[in-house]
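Asks:
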Amino acid sequence: MRNLIAGTVFLLTLTLACGSALARTILATTFPVYQITRNITHGVPDAEVRLMLPAQAGCPHDYALTPQDMGKLVQADVLVMNGLGLEAFLGSPSARTKKELRTIDASEGLPALPYTETEAHDEDGHRHSGANPHLFASPRMAAAMTRSIASQLAAVDPANADAYRANADAYAAKLDALADAFAALGNKLKNNRIITQHGVFDYLARDMGLDVVAVVQANDTQPPSASDMMRLVRDIRDKKVGAVFTEPQYPDKIAATLARETGVATAKLDPVATGPAIAPLDYYETTMRTNLRTLENTLGTH
64 MRNLIAGTVF
74 LLTLTLACGS
84 ALARTILATT
94 FPVYQITRNI
104 THGVPDAEVR
114 LMLPAQAGCP
124 HDYALTPQDM
134 GKLVQADVLV
144 MNGLGLEAFL
154 GSPSARTKKE
164 LRTIDASEGL
174 PALPYTETEA
184 HDEDGHRHSG
194 ANPHLFASPR
204 MAAAMTRSIA
214 SQLAAVDPAN
224 ADAYRANADA
234 YAAKLDALAD
244 AFAALGNKLK
254 NNRIITQHGV
264 FDYLARDMGL
274 DVVAVVQAND
284 TQPPSASDMM
294 RLVRDIRDKK
304 VGAVFTEPQY
314 PDKIAATLAR
324 ETGVATAKLD
334 PVATGPAIAP
344 LDYYETTMRT
354 NLRTLENTLG
364 TH
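In the working numbering, the protein residues as written are 64 to 365.
Next up, the structure:
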């Protein structure tokens, strides 16, 4: 009897140990990647998804790693990145953590846009290099990111591959339907010429047929100079721009000045680069539907 009990305890301990070994800590670098990964892993008991950067950090173009970030990296089994240079601050994650960290690049295999000429130079005349990393601000590209992450995650964790793929198919279908709504709106807008805060909406503009005439800030960290403001005023008047769209993450002062000088309409579009620390799974879709209504109300339709 004693041997039977001992054997049962041993088997139970072994089962628990194996179960815990299967558990995976999946670390997503940015808020939009985190939201996509949460939807892909929803209901998968062995997958715990954490967010690396604060939810309100935004695009980490000039971000520097903190000790807290390093602690999250060390604890992670899998790192999910946006890619296209957005996480340049990371360098080599495996080298930083001194362990083999499985890395998933959401942009893998996806066609990328270059920075447009209006965004190509910063305030000091230095040229941006590489692709535009703001895939997530387009529902069509967010759907493609969803499929890419799920495919790579299935390879990392074959035991849950079917669940990842099923979740990704369902979520990507929602995002594609949302992208179809944006494309349909693009076909009936009265004026498709816009100015945006920076290059975050280039993919969305392409997907719905918007013409981004100029950007307010070619460099995310520096406001436009006096000469830049004069150029923007000239572009608004000469090219008959329909609206200037700012983002919640930036102050309204520049857009207000442009509206005062030219009479152009202004409104906010949220690229969902940030969000609440505890966001519902459909936060991206809800925010994008608000953007859809904002575009329709601001630019008008035929």
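Even for Gly, the Cβ is constructed at its ideal location relative to N, Cα and C.
1. Which residue comes first and which comes last in the alpha helix (DSSP H) that contains Asp243?
2. Counting pairs of Cβ atoms below 8 Å between the segment 274-286 and the segment 325-340, do you hit three or more?
3. Would you identify the three-state DSSP class for Ile341, choosing helix, strand or coil?
4. Can the beta-carbon of Arg203 be found closer than 8 Å to that of Asp270?
5. Which of the three DSSP states is assigned to Val112 in this structure?
6. Would you give the residue range spanned by the beta strand (DSSP E) that Thr92 belongs to?
7. So which of Arg352, Asp265, Lys302 and Leu248 has the shortest CA-CA distance to Leu176?
8. Please determine, among Arg323, Val137, Asn195 and Gly106, the residue with the shortest C-alpha to C-alpha distance to Leu267.
9. Report the rounded CA-to-CA distance for Pro149 versus Asp243, giving the unit in angstroms.
10. Compute the Euclidean distance between the alpha carbons of Thr129 and Ile212, then round it to the nearest angstrom.
11. If we ignore side chains and look at the alpha-carbon of each, how far apart do His184 and Ala229 end up?
12. Could you name the residues of the same chain whose beta carbon sits closer than 6 Å to that of Thr181, not counting the 5 residues immediately before and after it, in chain order?
13. In three-state DSSP terms, what is Ala118?
14. Does DSSP put Thr129 in a helix, in a strand, or in coil?
15. Determine the DSSP secondary structure at Leu142, reduced to helix, strand or coil.
16. For the alpha helix (DSSP H) containing Ala322, list its first residue and its last residue.
17. Grab me the residues of Glu163's own chain with a C-beta within less than 7 Å of its C-beta, minus the 5 sequence neighbours each way, in chain order.
18. Could you pull out every residue in the same chain whose Cβ sits closer than 6 Å to the Cβ of Gly249, ignoring the five residues on either side in sequence?
19. On a Cα-Cα basis, can you pick out the residue from Thr209, Val304 and Asp239 that is closest to Pro95?
20. Using a Cβ-Cβ cut-off of 6 Å (strictly less than) and excluding sequence neighbours within five positions of Ala84, which residues of its own chain qualify?
21. Do Met144 and Thr160 have their CB atoms nearer than 8 Å?
22. Pick helix, strand or coil for Leu252, following the three-state DSSP scheme.
23. Check each candidate in Ala330, Phe245 and Thr93 and name the one with the smallest Cα separation from Ala151.
Replies: This is what the structure gives:
1. Ala224 to Gly249
2. no
3. Taken through DSSP and simplified to helix, strand or coil, Ile341 comes out as coil.
4. yes
5. strand
6. Run containing Thr92: none; DSSP gives neither H nor E here.
7. Asp265
8. Asn195
9. The residue you asked about is not Pro; residue 149 is Leu in the sequence shown. Going by the C-alpha atoms only, they are around 27 Å apart.
10. A straight-line Cα-Cα distance of about 26 Å links Thr129 and Ile212.
11. Model confidence at His184 stands at a pLDDT of 41, short of 50, so the residue's coordinates are unreliable; what they give is reported in the following sentence. Rounded to whole angstroms, the separation of the alpha carbons of Ala229 and His184 is 42 Å.
12. Only weak support is given to the placement of Thr181: the predicted model assigns it a pLDDT of 49, under 50, and the value that follows is read from those uncertain coordinates. So the list reads Ala277 and Val278, once near-sequence residues are dropped.
13. coil
14. DSSP places Thr129 in coil when its eight states are reduced to three.
15. strand
16. Lys316 to Thr325
17. Within the same chain, Glu163 has close Cβ partners Ser157.
18. Met271 and Gly272
19. Of the candidates Thr209, Val304 and Asp239, the one whose C-alpha sits nearest the C-alpha of Pro95 is Thr209.
20. Its pLDDT being 37, under 50, Ala84 is placed unreliably in this model, and the value from its coordinates should be taken loosely. Cβ within range, chain order: n/a, list empty.
21. no
22. strand
23. Thr93
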